[in-house]
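The structure appears below as structure tokens.
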Amino acid sequence: MASSFSVFSIEVFLVILSCVSKSSEDSLPELSPQKYFSTLQPGKASLAYFCQADSPGTSIFLEELKEAIRPLQDYGISVAKVNCIKEEISRYCGKDDLMKAYLFRGNVLLREFPTDTLFDVNAIVAHVLFALLFNEVKYITTLEDLQNIENSMKGRANMIFSYVRAIGTPEHRAVMEAAFVYGTTYQFALTTEIALLESIGSENIEREHLYFFHCEIVLDLSQDCRRTLMEQPFTTLNIHVFVRTMKAPLLTEVAEDPQHVTTDHLQLGLPLLFIVSQQATYDADRRTAEWIAWRLLGKAGVLLILRDSLEGNIPQRINVILKRAEQEMEYLVLDDIDSLIFHVENNVKSEQMEEGEDEEMESQDLDTQDDEVAETVYRDRKKQLPLELTVELTEETFDATVMNSDSIVLFYADWHAVSMAFLQSYVNVAVKLKGTSTMLLTRINCADWSNVCSKQNVTAFPAVKMYKEGENPVSYAGMLGTEDLLKFIQLNRISYPVNIASIQEAEKYLSGKLYEDLFTYASVSVLGLFSPAMTTAKEKFLEARNYLKGHVIIGIYSEADVWILSSKYAAPLPALLLARPKEGKIECIPLAGTHVHGIVQIMARAVLEIFPEITVENLPAYLRLQKPLLILFSNGSISHQYRKAILTLVKQKQLDSLTPCWLNLKNTPVGRGVLKSYFGSLPPLPQLLLVNVYSGGQVFAFPSDQSITEYNLVSWLKNLEAGLENPIKNLSAQEWKPPLPAYDFLSMMDAAEPQHPTKKVPTCVKETDKQESEKGEQEPEPTRKEPVQTLRIKHWNRNYWSKEAEKPFRHEKEL
Amino acid sequence: MGLAAARLVPAGLLLALALPSALSAAPHRDYCVLGAGPAGLQMAAFLQRAGRDYAVFERASAPGSFFTRYPRHRKLISINKQYTGKANAEFNLRHDWNSLLSHDPQLLFRHYSRAYFPDAGDMVRYLGDFARRLGLHVLYNTTITHVTLDKDPQAWNGHRFVLTDHKGQVYQCSVLLVATGLSVPTLIDFPGSEHVEGYESVSVDPEDFVGQSVLILGRGNSAFETAENIMGVTNFIHMLSRSRVRLSWSTHYVGDVSWSADSVRLPEDDSDNFAMRVGYDRVIRCLGWKFNFSIFDQSLRLSSENEFNKKYPLIKASYESKGSRGLFVLGTASHSVDYRKSAGGFIHGFRYTVRAVHRLLEHRHHGVTWPTTEHPITQLTSSIIRRVNEASGLYQMFSVLADIILLKENATTFEHLEEFPMQMLAQLEPLTGRTAQHGLFVISMEYGKNFSGPGKDVFFYERSVGHTEDAWLSNFLHPVIYYYKQLPTEQEVRFRSPHWPLPRPTAIHHIVEDFLTDWTAPVGHILPLRRFLENCLDTDLRNFYAESCFRFALTRQKLPPFCQQGYLQMQGLAITESLQQHGVESKLLQNYAAATESSSQRTSDRALAPGPRAQSLDSDKEEL
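Going down the list, the sequences are from chains E and D.
According to the working numbering, the residues represented by the first sequence are 65 to 879, in order.
According to the working numbering, the residues represented by the second sequence are 4 to 627, in order.
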């Protein structure tokens with residue numbers, strides 16, 4: 065009986081789907097009241113709209129009503145329009161404009177509807193079914209109502225509780241359609257009270273919810289029914305799939321080869337998860353499997369399989385097998401249930417997502433901009449920038465301007481998107497510096513003055529150079545953004561290196577009291593210590609300085625009494641002192657024999673912190689260390705306790721092979737995008753992760769059930785090192801391929817020209833062919849075979865495209 | 004006698020025997036330039052700037068003597084557009100057909116004339132100033148009467164050129180650059196042709212033609228120029244030639260007639276037989292000029308293309324004579340390379356081909372590789388866009404000179420090489436000293452294949468193409484980019500399809516034509532170009548903001564080139580608030596900050612709602 069029922073339900077759903085997609089062209093029977101009442105059959109439901117024969121202006125409602133004919137017919141409900149004529153007086157014919165629709169069963173009036181409640185086809189279907197299923201679907205408003213129903217169901221039947229924002233919405237219709245099918249099997253409860261939803265602990269309450277209450281298995285009345293929330297979008301089909309997975313057994317035991325096993329889940333597009341057990345551990349495994357099954361309820365089917373019952377074709381270490389429809393089986397070794405569940409959930413997610421993206425790909429037009437910089441700059445083209453704050457230079461004014469004043473010049477091209485994006489930041493710098501800086505901010509459009517730009521050795525845009533009197537121009541090499549450029553300008557207010565004249569001044573310099581204001585922009589200052597005779601060492605140091613202008617505060621002390629500092633800081637000359645006034649630290653690095661490049665590196669490293677907050681701006685500097693990142697993701701600043709734990713480990717040199725850091729999602733919201741890509745959704749915070757960008761691209765998550773303490777951290781890292789942990793994510797090693805194909809003009813030209821250009825020379829054809837067959841990828845199928853009349857072959861080798869190339873694009877969108 | 008003997012004995016040998024003592028004493032120059040016209044002076048300017056040892060030989064007492072007499076009616080047909088609406092000096096050269104190239108902004112023709120079609124006298128003045136201001140080494144009043152070869156294995160090319168002037172003075176040159184133009188009027192021979200007057204000597208005073216019937220032979224610019232001058236006073240003018248009139252706006256060839264031809268009758272066929280019934284008072288020959296071959300000894304093997312067409316000397320696409328290495332033909336006389344196709348016979352064209360020859364010579368004899376600029380691959384699209392929008396050489400010498408992009412290994416960087424003679428593509432490596440091992444792009448400007456030709460209606464329906472997809476059908480001058488995985492061979496270039504300037508590429512791209520020749524539209528021009536380039540290179544050439552690169556850096560093992568070359572080098576592109584907003588609207592960017600609330604709630608409701616997770620494992624055991 066149960067099986068026949070499910071067949072029926074599938075049919076109903078198919079019918080519904082086909083109707084929703086197609087706009088019904090059914091005609092609405094128009095009857096006189098008398099005629100109408102004569103058609104009513106006992107037990108059959110009918111919806112009738114009574115209106116004045118000659119009244120116009122109700123056409124919108126009639127349109128919707130027409131659309132509802134088909135879906136209602138599928139539930140055995142007929143629809144009619146009844147024209148009230150003067151000759152036949154009916155009590156359903158209201159006054160002039162107060163026309164209503166009425167629902168009858170047989171000739172019994174069940175409900176009357178003002179037409180404004182039946183505002184569209186969804187509302188019509190929802191309201192009509194709601195009226196008919198009055199007993200099957202309980203409308204409730206309080207927690208007490210819900211508890212009463214729940215209690216009455218315990219040990220008897222399961223129930224489905226849903227919250228919709230309003231009656232008559234598409235979601236309401238979806239619930240009612242499900243109730244029509246499952247109303248006899250499950251008790252349905254419905255509410256529109258947001259407070260009720262809140263009181264049962266739901267969050268994200270602005271959207272619809274549907275819970276399956278597992279009450280049938282509850283025997284103890286004091287116990288609550290387990291609940292499973294439907295996570296899929298609220299459509300009729302999804303509710304159907306969801307309810308069907310609830311109906312399936314929680315855990316199935318099989319003894320067959322997983323290859324041959326199939327259940328409802330596979331048909332519904334959900335994966336099957338086989339837990340591989342053996343006789344010895346069977347009981348424990350079964351409990352684990354059940355627990356997993358609960359957690360994956362509605363997302364995957366869980367099966368328990370005995371290794372002993374199979375002919376040993378499962379590798380020894382394998383304990384989990386993941387099977388998806390039309391895909392290779394995936395054999396896994398997973399020790400951690402959380403990561404297993406993440407793995408399955410993410411699989412389900414990504415599949416669903418990709419299906420959606422495919423449709424998008426099809427319609428993707430080659431002429432649609434997919435460059436975020438080009439598109440945003442284009443959309444912003446009408447914005448009025450306060451350009452007057454920067455001086456526009458021309459060929460005539462350029463030389464005079466940069467000679468006569470300390471100036472910053474932005475070289476850009478007005479058609480170049482990256483230039484124009486940066487111009488906004490540049491103008492922001494001008495706004496911030498307005499009236500405070502001696503530095504003149506200027507710009508020159510290289511699209512107009514290409515000669516000037518090439519004379520200044522600017523061959524690529526955008527470029528920023530600083531011109532100071534008596535010095536060679538310095539190219540700005542920092543981030544193309546307001547903050548970094550501002551810092552560069554501020555730090556360059558003084559000339560480097562700062563020549564320190566006395567020991568006292570040197571101490572002041574190291575303590576940050578000299579040039580105090582500059583320390584808003586730099587956290588580190590460098591002091592080179594040289595005895596007056598060390599000229600070559602000094603020269604190297606001065607050369608190194610040129611690379612670091614605008615990044616670090618650099619000073620030099622080379623007086624006869626330099627030994628005082630040398631001995632105080634235990635710095636054998638020549639040496640560098642790195643001072644971090646904020647932390648009150650001074651570090652010493654001997655320089656003897658170090659090359660210019662080495663000095664640059666030392667100073668660049670000096671800027672790095674031991675446990676930094678990672679930002680968009682500073683990540684590249686830390687990536688350069690080429691070590692795996694140990695990142696603590698946090699929403700807001702991190703607790704003192706975590707910081708202490710990590711700093712202690714750093715001190716104990718336990719983290720030397722890593723770059724420990726933390727990320728504040730408030731400052732770096734894009735971190736959420738990173739986390740979502742790791743977990744599929746936002747995990748609870750804080751979250752400690754090890755991201756191995758450089759070797760293998762694995763991401764490991766610190767177990768969420770452990771607290772971040774020194775001890776736990778060390779043992780986790782030891783496990784990692786021993787290969788005992790499973791990554792939660794393997795970062796894609798995919799190359800960046802073209803996001804979309806290009807127009808294949810060559811084929812179009814070939815098709816238009818009856819003769820293939822190379823055909824004239826047999827030797828050339830041979831060579832080309834050989835080349836094609838050797839390399840094989842770039843050239844499409846020899847287009848000569850194309851019929852000549854094919855004038856437009858829109859895509860360049862589509863087949864080649866379909867697999868490889870779409871991936872990066874898709875990835876791009878999915879994040 | 005010498006000439007007669009030369010025909011029997013190999014010339015070099017004879018000279019070596021006859022002139023050893025005279026030669027060793029003769030002054031030597033690395034470069035000798037014949038003629039101080041625009042092409043000669045242009046070459047001299049490049050040689051001067053490069054610090055080379057050179058001399059220019061000029062028969063007259065001042066530069067540009069051709070323009071002291073021609074055109075007879077003094078109006079040049081090369082445009083001199085004062086205002087283009089743009090400041091870009093390179094771009095403006097597209098509308099300045101008279102200036103030579105130099106680093107002195109004062110030496111632009113617009114400082115010499117304000118007329119759209121300037122007076123020839125201004126050209127003479129301009130050329131004089133050009134030579135003077137740049138201090139070019141020109142030997143005036145020196146007529147070279149004879150040029151021959153002297154074999155010398157030590158010499159750059161295995162031989163030296165020996166020049167003898169009208170006074171018998173001998174000069175030796177390692178490289179000979181012939182810029183003598185076309186100086187011999189084309190004659191015609193038929194019974195009675197002795198009564199025909201020539202364009203070069205006919206009166207330019209309309210008074211001399213009052214009430215006369217005139218027949219003009221030829222239908223070139225000189226013919227129309229002559230006709231227009233006397234049109235008001237004659238009974239009628241008839242014009243006669245072998246081919247039909249070509250109007251330059253329909254052929255895009257500046258050598259074709261740019262005069263209004265409305266009021267001149269053209270006897271298309273002989274049926275009215277007018278000439279048989281009524282006589283003409285005067286017949287004027289306006290048949291153009293030929294190269295003067297007479298001073299070149301046969302040993303130079305400087306020949307014309309064939310017996311019937313002796314207009315131009317035979318040269319390669321590198322402007323080097325096919326007969327003797329080290330002899331280059333410049334200027335108007337070099338027009339055989341692109342005759343009737345491009346602008347190589349005119350100042351605005353050959354100023355660029357002369358530069359190309361100079362660059363070839365710099366590499367060949369001085370080890371100076373062809374100048375290039377090197378860029379990261381992320382600059383590829385904008386590098387091409389910049390050039391097609393401003394470059395004048397590509398525009399004037401369309402289908403002749405092309406920019407070459409040489410890819411470096413792994414295509415992470417490239418070299419941009421400007422204005423190379425396309426036809427020499429197969430020899431690019433030896434000619435420039437650059438390597439093209441990893442694939443190359445060739446950027447040229449072309450008219451559409453079915454644009455023109457005499458008699459075609461250039462204004463035909465749907466002539467302009469607006470859809471990027473149909474860019475390959477563009478008719479106006481538009482940029483075309485060829486992609487080759489490897490350098491084509493000489494054979495491939497020689498036996499290419501007749502309508503193609505280059506052999507079949509691996510892939511080709513057309514940037515859709517634009518009436519303002521402004522190819523900067525983000526979606527119409529730049530986007531399709533980027534797609535083409537990234538498909539050739541099999542990479543992703545999009546630009547990304549730093550935030551996107553940050554996300555890629557933590558979620559993928561590989562980064563797109565823009566992030567690698569920008570962000571990872573700590574030169575990421577920061578986004579501003581308003582751009583971010585547009586990015587979110589366009590769905591190309593996500594607002595992670597705003598996504599906070601809803602997404603975190605969604606996660607936590609997943610964590611709380613389904614029962615099992617909240618309950619302990621133990622209670623599960625009991626229950627089941």
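The beta carbon of each residue, even a glycine, is placed where N, CA and C say it ideally should be.
Could you tell me whether any non-hydrogen atom of the ligand SAM is closer than 6 Å to the CB of residue i?
i      : result
D184/E : Judged by which ligands are present, the structure shown has none, so any question about the ligand SAM falls away.
On the DSSP bridge list, what partners appear for residue i?
i      : result
C725/E : I695/E
Q211/E : None, per the DSSP bridge assignment.
I219/D : M242/D, I287/D
R32/D  : C176/D
S589/D : Note: S589/D sits in no beta bridge, so no partner.
G365/E : L336/E
So, for residue i: in the same chain, excluding its five sequence neighbours on each side, which residues have a beta-carbon less than 7 Å away from its beta-carbon?
i      : result
L285/E : N215, K218
D541/D : none
P450/E : V491, V495
E409/E : K363, G744
Residues of chain D with CB under 8 Å from residue i, in chain order?
i      : result
T458/E : A90
R443/E : H585, E588, S589
A512/E : Before going further, note that residue 512/E is Asp rather than Ala in the sequence given. Near D512/E (Cβ distances below 8 Å), the residues of chain D are K89, A90, N91.
Which same chain residues end up closer than 8 Å to residue i when comparing Cβ atoms and leaving out the 5 residues on each side of it in sequence?
i      : result
L855/E : In this prediction, L855/E scores a pLDDT of 27, lower than 50, which makes its location untrustworthy; the coordinate-derived value is nonetheless stated afterwards. The residues are M812, A815, A816.
P747/E : L739, A765, S768
M425/D : A320, S402, V403, L404, A405, V445, S447, P504, L505
Which residues in chain D sit within 7 Å of residue i, going by Cβ to Cβ distance?
i      : result
F406/E : Simply none; closest approach about 12 Å.
E439/E : S589, L591
K447/E : S581
At 9 Å on the CB atoms, spell out the chain E contacts of residue i, in chain order.
i      : result
Q430/D : The contacting residues do not exist; Q430/D stays about 18 Å from chain E at best.
P531/D : L430, D431, A806, Y807
Return the chain-ordered list of same chain residues with a C-beta closer than 6 Å to the C-beta of residue i, the five sequence neighbours on each side being excluded.
i      : result
A527/E : F475
V360/D : Y322, F331
Assuming residue i and residue j make a contact with CB atoms under 8 Å, what is their CB distance in whole Å?
i      : j      : result
D99/D  : F112/D : 6 Å
A109/E : I141/E : 4 Å
V322/E : K387/E : The question names Val, but residue 322/E is Pro in the sequence shown. Right, the Cβ-Cβ distance comes to about 6 Å (below 8 Å), so this counts as a contact.
L317/D : S302/D : About 15 Å; that fails the 8 Å criterion.
L749/E : L719/E : Not a contact, Cβ separation roughly 21 Å.
Could you list which residues in chain E have their beta carbon closer than 7 Å to that of residue i, in chain order?
i      : result
V526/D : D431, Q433
E537/D : P802
Could you work out which residues of chain D lie near residue i, taking near to mean beta carbons separated by less than 9 Å?
i      : result
S142/E : Near S142/E there are no residues of chain D at all, since even the closest Cβ is about 41 Å away, more than 9 Å.
*asked:* For the stretch 531-557 of chain E, list every residue whose C-beta sits within 8 Å of some C-beta in chain D, in sequence order.
replied: If the cut-off is 8 Å between Cβ atoms, the stretch 531-557 of chain E has A541, G542, M543, L544, G545, T546, E547, D548 near chain D.
*asked:* Along the stretch 796-817 of chain E, where does the CB come closer than 7 Å to a CB of chain D? Name the residues.
replied: Legend: CB atoms of the stretch 796-817 of chain E lying less than 7 Å from CB atoms of chain D belong to residues S796, A797, Q798, E799, W800, K801, P802, P803, L804, P805, A806, Y807, F809, L810, M812, M813.
*Given a limit of 7 Å on CB to CB distance, which residues of the stretch 550-562 of chain D reach chain E?*
Contact annotation: in the stretch 550-562 of chain D, residues whose CB is within less than 7 Å of a CB in chain E are E550, S551, F553, R554, A556, L557, T558, R559, Q560, K561.
_the stretch 733-744 of chain E: positions lying closer than 9 Å to chain D by Cβ_ = Listed by position along the chain: P733, V734, G735, R736, G737, V738, K740, S741, Y742, F743.
*Listed in chain order, which residues of the stretch 304-327 of chain E have Cβ atoms closer than 8 Å to some Cβ of chain D?*
Of all residues in the stretch 304-327 of chain E, none has a Cβ within less than 8 Å of some Cβ in chain D.
*asked:* So if I threshold CB-CB distances at 9 Å, which residues from the stretch 694-721 of chain E count as touching chain D?
replied: Answer set for the stretch 694-721 of chain E: I695, N699.
*Given a limit of 9 Å on CB to CB distance, which residues of the stretch 469-480 of chain D reach chain E?*
Taking 9 Å as the upper bound on Cβ-Cβ separation, chain E lies near residues H470, T471, E472, D473, A474, W475, L476 of the stretch 469-480 of chain D.
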